[in-house]
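Chains as they are written, first to last, in the UniProt record's numbering: chain F, 1 to 380; chain U, 1 to 380.
Cβ coordinates follow ideal geometry from the N, Cα and C atoms, glycine included.
Values in this document were obtained by computation on a predicted structure and should not be read as measured data.
Below: the structure, in structure tokens.
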């Protein structure tokens, strides 16, 4: 670990991720100098006091060293922007400005646990997120999306929560893919505990990722801060189900502000679990409706993605008829045969026009000719 | 009936509605002269032959007189662009050009049956259409929309078909409104027959409307031609459920080409009855997602409509907390009280900052102070 690496890890432990002042100092002075300025109070008195609160009587190097046993125990490694495994797209967060949310700067360090390579896994990835309190419909759809996207070569990124997130990860794993789970606490603090088997499978096939060091407790505000990584790391975000209060809407808003495609899966309008999704679709950010994984691939575009074939629309013989032929056919009676003249009058065309198309309708099996008169064939 | 009136009625009986050549001749020469030119062959030989097929040995005046007994018997009256009851907005169809559909010109005559005034009823109206083969969900939603729109002062226009159309009319009638049903056959040919009780109620509270004279048979191609009146007469179109082959998608496309707002009600993505709706939402025409009547009113805009209040989002005490206070509150333990310093370290703020907000959290009942340490209140 170089001093710059170590400084990034220390900064990520001293301050809650995304802090604007910390991020600006790192961008301006580099990690090691920024760390020194921040801890010494040369940058901001409040940040220095906050750092002291976490340092106690340790210096930053000691703070970093204190977490390494826990990291080693769970097989977690710190990945920083200086490492080749860094997912480049999170740097876009630097362009985000949100007056009401001072924690939107790019992460300085990601703790990574699992067999995957973070940069490779997330290069062609899409977030699939949604409500914890979901319906069977939402769970089914999220699983299908997770499965279908993975089968089409996309990595599913989600938040490892109950409900939609868990279903999306599960679908991805079922397709044999390496899904990425971005947590709001240490990668050794699998939360919620009942999803432990899922986290184990993710770790063995993909990655558990967190901005917080091993041992850190997942907290409510950390889920919100974490959402910006889920929004920024993949190429787009799909929201499957979300109530009016769901955090998934926050992720979608961040993705929209990052100019990432935001896609939503509609649901019944009388389902509370879809109310937030539909509100997103009616909001001022452009949002795409998606109904299946192929729609997502199409909307993420790029020259490496094929356009999705349109849903199959059943073809029927009369689809191929011209407009006059269709009108004439509609005027051919079923019960008793009619003359060309009568059919023409019903159809509103000349007798000559009717006479021109009727033989073709007979040849196609759509009408029958009986002694110069026409009728429809018997129903089969 | 003036000669011009009578000519319009005759033209509407001689030719299938929407015919481009007929419409152009009427616009250019006026109804009476256009009729003479068309029937005599001065305009187009095919149209003259088609007219002869329907006239037989009658002249146009005799043709008009032949339908009056049937009209009188059912209480239907012909309404033309020369009458004050004419719904002005259908004239916009003159601007529609569709190479694949030669029957998009404005109607020349509408047969009207019922107690309502066509122009007044349709001035503030919206089409609510959808599939005949619908689900219980679609039927429920269409009824709710029909009811809600009518309660908010809008007239529901639909096509009187099984399924969504019937549900929309039914909802409108339940709200005590005068709904308008645009048929593809004579207003005395209530089709489908099983909806006869519905047609009776529509007639007594609103209007049955048709471009075809009394006695005319509803035919497949007439449903398509009829759709353009449903699209053009109201201010916008709502599609509730539509399969991939549903005619409601045709109505929506026409409405979009007329620059009317097109709104769709989403449904489950695994429902075939919503597949056409979702395909519309992903198409190249701009389409709005609506979940309730108030959304439709909002999207139809205009200075006489109030904006819909946003769906109620449950408020919770912590929604009003600032960002530092929320982080501090998240770091207050539930089990055993903690010092200000420990809480500050967890929250990543200075002890002074934590000390500033903790008393307010206690005052709001969100935290408890025990001998200088803080914990969360007991769960109730």
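Can you check which of these residues, the options, is closest to residue i by C-alpha distance?
i: residue 166 of chain U; options: U:154, U:141, U:151; result: U:141
i: residue 32 of chain U; options: U:17, U:147, U:10, U:16; result: U:10
i: residue 139 of chain U; options: U:367, U:376, U:239; result: U:239
i: residue 227 of chain F; options: F:13, F:361, F:104; result: F:104
i: residue 337 of chain U; options: U:365, U:318, U:317, U:376; result: U:376
i: residue 214 of chain U; options: U:264, U:97, U:186; result: U:186
i: residue 314 of chain F; options: U:250, U:346, U:257, U:245; result: U:245
i: residue 106 of chain F; options: F:91, F:348, F:98, F:347; result: F:91
i: residue 101 of chain U; options: U:146, U:161, U:257, U:122; result: U:257
i: residue 262 of chain F; options: F:275, F:270, F:296, F:272; result: F:296
i: residue 365 of chain F; options: F:163, F:378, F:353, F:147; result: F:378
i: residue 362 of chain F; options: F:348, F:332, F:347; result: F:332
i: residue 4 of chain F; options: F:66, F:298, F:83; result: F:83
i: residue 285 of chain F; options: F:250, F:40, F:319, F:80; result: F:250
i: residue 280 of chain F; options: F:242, F:260, F:335, F:194; result: F:242
i: residue 209 of chain U; options: U:344, U:319, U:87, U:287; result: U:87
i: residue 201 of chain U; options: U:171, U:184, U:218; result: U:171
i: residue 353 of chain U; options: U:322, U:288, U:158; result: U:322
i: residue 334 of chain F; options: U:50, U:219, U:134; result: U:219
i: residue 236 of chain F; options: F:283, F:195, F:287, F:217; result: F:287
List the endpoints of the continuous beta strand (DSSP E) containing residue i.
i: residue 204 of chain F; result: Residue 204 of chain F -> not in any beta strand (DSSP E); alpha helix (DSSP H) instead, spanning 196 to 205.
i: residue 78 of chain F; result: 76 to 79
i: residue 183 of chain F; result: 180 to 183
Identify whether residue i lies in helix, strand or coil by the three-state DSSP scheme.
i: residue 370 of chain F; result: strand
i: residue 287 of chain F; result: coil
i: residue 336 of chain F; result: coil
i: residue 10 of chain U; result: helix
i: residue 357 of chain F; result: helix
i: residue 272 of chain F; result: helix
i: residue 327 of chain U; result: helix
i: residue 82 of chain U; result: coil
i: residue 350 of chain U; result: coil
i: residue 187 of chain U; result: coil
i: residue 280 of chain U; result: helix
i: residue 208 of chain U; result: strand
i: residue 375 of chain F; result: strand
i: residue 33 of chain F; result: helix
i: residue 17 of chain U; result: coil
i: residue 342 of chain U; result: helix
i: residue 303 of chain F; result: Unreliable placement is indicated for residue 303 of chain F, whose pLDDT of 45 sits below 50; the coordinate value is still reported in the next sentence. Three-state DSSP puts residue 303 of chain F in coil, outside helix and strand.
i: residue 62 of chain U; result: helix
i: residue 69 of chain F; result: helix
i: residue 175 of chain U; result: coil
i: residue 317 of chain U; result: helix
i: residue 94 of chain U; result: helix
i: residue 87 of chain U; result: coil
i: residue 3 of chain U; result: helix
Along the chain, where does the alpha helix (DSSP H) containing residue i start, and where does it finish?
i: residue 21 of chain F; result: 20 to 29
i: residue 54 of chain F; result: 45 to 55
i: residue 295 of chain F; result: 293 to 300
Any 3 or more C-beta pairs closer than 8 Å across the segment 325 to 338 of chain U and the segment 356 to 363 of chain U: Using a C-beta cut-off of 8 Å, the segment 325 to 338 of chain U makes contact with the segment 356 to 363 of chain U, since at least three inter-stretch Cβ pairs fall below that distance.
Ordered list of alpha helix (DSSP H) runs contained in the segment 213 to 270 of chain U, each at least 4 residues: Look at the segment 213 to 270 of chain U and you find these whole runs of alpha helix (DSSP H), each 4 residues long or longer: 220 to 232, 247 to 257.
Beta strand (DSSP E) runs contained entirely in the segment 96 to 172 of chain U, provided each spans 3 or more residues: Those beta strand (DSSP E) runs which fall completely within the segment 96 to 172 of chain U and span 3+ residues are 110 to 114, 125 to 129, 155 to 158.
At least 3 beta-carbon pairs within less than 8 Å: the segment 53 to 72 of chain F vs the segment 221 to 238 of chain F: Contact between the segment 53 to 72 of chain F and the segment 221 to 238 of chain F is absent, because fewer than three Cβ pairs lie under 8 Å.
Three or more C-beta pairs below 8 Å linking the segment 177 to 185 of chain U and the segment 34 to 44 of chain U: With a cut-off of 8 Å, the segment 34 to 44 of chain U and the segment 177 to 185 of chain U do not count as touching, because too few Cβ pairs lie within range.
Segment contact, 8 Å Cβ cut-off, at least three pairs: the segment 47 to 58 of chain U with the segment 189 to 207 of chain U: No, the segment 47 to 58 of chain U is not in contact with the segment 189 to 207 of chain U.
Three or more C-beta pairs below 8 Å linking the segment 142 to 156 of chain U and the segment 246 to 253 of chain U: By the Cβ rule, the segment 142 to 156 of chain U does not count as touching the segment 246 to 253 of chain U, because fewer than three pairs are nearer than 8 Å.
Touching by the beta-carbon criterion (3+ pairs, under 8 Å), the segment 63 to 77 of chain F and the segment 112 to 124 of chain F: Between the segment 63 to 77 of chain F and the segment 112 to 124 of chain F there are three or more inter-stretch CB-CB distances shorter than 8 Å, so the stretches are counted as touching.
Touch test, the segment 339 to 350 of chain U against the segment 286 to 293 of chain U, Cβ-Cβ under 8 Å, three pairs minimum: Cβ pair count under 8 Å is below three, so no.
contact_flag[the segment 151 to 163 of chain U, the segment 124 to 134 of chain U] where n(CB pairs < 8 Å) is 3 or more: Yes, the segment 151 to 163 of chain U is in contact with the segment 124 to 134 of chain U.
The segment 189 to 197 of chain U touching the segment 264 to 272 of chain U, judged by at least three CB pairs closer than 8 Å: No: the two stretches stay apart, fewer than three of their Cβ pairs being nearer than 8 Å.
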